[in-house]
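Residues 12 to 533 (my numbering) are what the sequence shown spells out, left to right.
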Amino acid sequence: MSALTLAFVAPWECSRAVANIPREPREDVVVVLLESVAKGASLPWHRQKLVLILSAMRHFAASLEAAGYRVVQRNAPTYAEGLAALARELGATRVVATEGREQDMVDELDRARVLLREAGVSLVLREDRGFLATREEFTTWARGRKEYRMEWFYREMRRKHGILMEPDGTPSGGEWNFDADNRKPWPKNRPVPPVWRVEPDTVTREQMERVRTWKQRWGSVDSFGLPVTRAEAKSWLERFVIERLPEFGPYEDALVHGAPDLLHSTLSSIINVGLLHPLEVVKRAERAYREGLVPIASAEGFIRQILGWREYIRGMYWQLMPGLRTANALGAPLPLPMWFWAPDGEAYNGASHGACEMRCLNDTIAQVRDFGRTHHIGRLMIQCNFATMLGVEPAALSRWYWAGFTDAYEWVELPNVAGMGTWGDGGALASKPYVASGAYVNRMSNYCGPCRYDVKQRTGPDACPMNFLYWDFMARHCERFAKHPRMRMMTKHLDGMADAELVQLRRQADEFRASLSYDRET
Ligand code: SF4
């Protein structure tokens, strides 16, 4: 009898596009998909995130069985214990798995190695196929650099993969970056595109019913409509390229009430669970540009998110771990406001904590509750901006993103939140904090007009909280950023402000902080 290999498939490897399935004859391989009870209990995961992973895993298992593989799906106390128990039960001689994509899985695989060794079973780790740069490549790129700027890494990735490059080695369209063309607000009377939805099949509906009643979970489940198979994922990509990509660039930073996606693709959730490979997505967008269907500003803006930002953020995660989990360069002391779990004042953990009357914050949080997502400007310039200026500890905000977004895993949310979003890393990712007053929100969205607060007022009962929090933030940190070229104008403005006004602004910020309920448990 031949030696038996267990192929462990992680929850983010839900298709053959990324999973490491050994090449041995199929009768010598058992594919293992596990649900870890410990992982499930570690955060109040969004129900739609759980449905996405659980349904995609089941569909992948069925496709492997149809291809002739023996597949085992089961619950286990931990991934390590589940693998060790199965290896013993089935008499396997080795386990093949992909290297841990985030720290918790690295630790689990280390524990598994010890348990398996006791049973005489070897553990073989393969490279993660879900990225275009290996961890070693990023480490080599980062070595000796004073600054890890995404733009330089992105250009190397463009050259390496020949994406949006001309035969003479110059970037297509004559520029590397078309961001300056991509900052338009949504036109006032233009209808908002609907939220796309794949009708859930029987397998998905079973998982929706399963998670609906689970305690210590968050978010709605009924609006779930993400792809859960590779065929659905490919159709979603195709639809995005045809219907949204041509205008994606100019409106990628626009915000509209009630619109979690606008012209965004939602492909991050689909790629990060393993249903699409990042290179096939990038190449499809490039082909649309070459065929004249998509202008360069849109193609480049979209490709940069995947070929540049996604790869860079994964590299930076490993570059900055483990310290990134507790990074707090600005000394932000506060837990997460309860609004992040209950923006409309609904009960959470058995109590109501008051509704959020900030229309911008309320809406982007409600989008996360209802769909497990809001697009990058809602995340960065509303949620992270508010939390940074309020003084929320980056780790507390990070856990909310990790639990609540269907595309979030620690490798992607932690550098985005503790680095870019809150400047907790002290500037490794972004040279200055992304903070802005209500004027930015008013320029890029339709939030402010009907808001209970007045975006033009800085103090007083109707003053927009983004305004007094902004000036309070600048006053607390002006010394640190006084010399930064992009913050100098604001710190000078602060210097010219009347003392009485600054005292009033800071008092109002303190009173506002004191008026909120906070989550002291998650
Ligand atoms: Fe947000 Fe202030 Fe505008 Fe209200 S007025 S939507 S709180 S920025």
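Where a beta carbon is used, it is the ideal one built from N, C-alpha and C, also for glycine.
Here the structure is a predicted model, which means the values were calculated and not measured.
- In the three-state reduction of the DSSP assignment, Arg34 falls in the coil class, being assigned neither a helical nor a strand state.
- Taking each of Ala414, Ala73, Glu38 and Ala377 in turn and checking the Cα distance to Ala270, the smallest one comes out for Ala377.
- Measuring C-alpha to C-alpha distances from Arg241 to each of Ser66, Glu35 and Tyr451 identifies Ser66 as the nearest.
- At least one heavy atom of the ligand SF4 falls within 7 Å of the beta-carbon of Asn453.
- Counting C-beta atoms within 10 angstroms of its own C-beta, Asn86 has fewer than 16 neighbours from the protein chains shown and is therefore classed as exposed.
- Secondary structure in the region 117–166: the beta strand (DSSP E) runs of 3 residues or longer, each lying completely within the stretch, are 133–137 in chain order.
- Relative to the non-hydrogen atoms of the ligand SF4, the Cβ of Cys371 comes within a distance shorter than 7 Å of at least one.
- DSSP, read as helix, strand or coil, puts His268 in coil.
- Residue pairing by DSSP places Ala18 opposite Val42 and Val107 in a beta bridge.
- Under DSSP, Asn86 forms a beta bridge with Glu46.
- For Ala14, the closest alpha carbon among the candidates Ser279, Ser246 and Gly102 is that of Gly102.
- By the Cβ test, the region 302–317 is not in contact with the region 332–340, since fewer than three Cβ pairs between them sit closer than 8 Å.
- Distances from the CB of Cys367 to the heavy atoms of the ligand SF4 are all 7 Å or more.
- Excluding residues up to 5 positions away in sequence, Val29 lie with their Cβ nearer than 6 Å to the Cβ of Arg140 in the same chain.
- Between Arg454 and Thr533, the gap from beta carbon to beta carbon reaches 8 Å or more.
- Rounded to the nearest angstrom, the gap between the Cα atoms of Met116 and Ala52 is 15 Å.
- DSSP places Met369 in the coil class of the three-state scheme, outside both helix and strand.
- Per DSSP, the beta bridge partners of Met176 are Pro182.
- Exclusion of the five residues before and after Arg384 leaves Pro271, Asp272, Thr277, Ser280, Gln378, Phe416, Thr417 and Asp418 as the residues of its chain whose Cβ lies within less than 8 Å of its Cβ.
- Its chain contains no residue whose beta carbon lies nearer than 7 Å to that of Asp510 once the 5 sequence neighbours on both sides are disregarded.
- A straight-line Cα-Cα distance of about 6 Å links Leu286 and Cys25.
- Residue burial annotation: Met369 is buried, with at least 16 other C-beta atoms found within 10 angstroms of its C-beta.
- Ile253 and Thr215 have their C-alpha atoms spaced approximately 27 Å apart.
- Linking Arg194 to Tyr451 through their CA atoms gives a straight-line distance of about 12 Å.
- In terms of Cβ geometry, Leu94 and Val284 do not form a close pair [threshold 8 Å].
- In the DSSP assignment, the residues bridged to Asp530 are Leu347.
- In this structure, Tyr464 has its beta carbon less than 7 Å from a heavy atom of the ligand SF4.
- The beta carbons of Met392 and Ala447 sit about 6 Å from each other, so the pair counts as a contact at 8 Å.
- Pairing Gly319 with Met431 gives a Cβ-Cβ distance that is not under 8 Å.
- A Cβ-Cβ contact shorter than 8 Å links Leu45 with Tyr90.
- In the three-state DSSP reduction, Val403 falls in the strand class (E or B).
- A straight line joining the alpha-carbon of Lys157 with that of Arg166 spans about 18 Å.
- Straight across, the Cα-Cα distance linking Asp530 with Arg228 is about 15 Å.
- When DSSP states are grouped into helix, strand and coil, Ser456 belongs to the strand group.
- Looking at the backbone, the Cα of Arg295 and that of Trp247 are separated by about 12 Å.
- In terms of side-chain proximity, the C-beta atom of Met477 is found nearer than 7 Å to a non-hydrogen atom of the ligand SF4.
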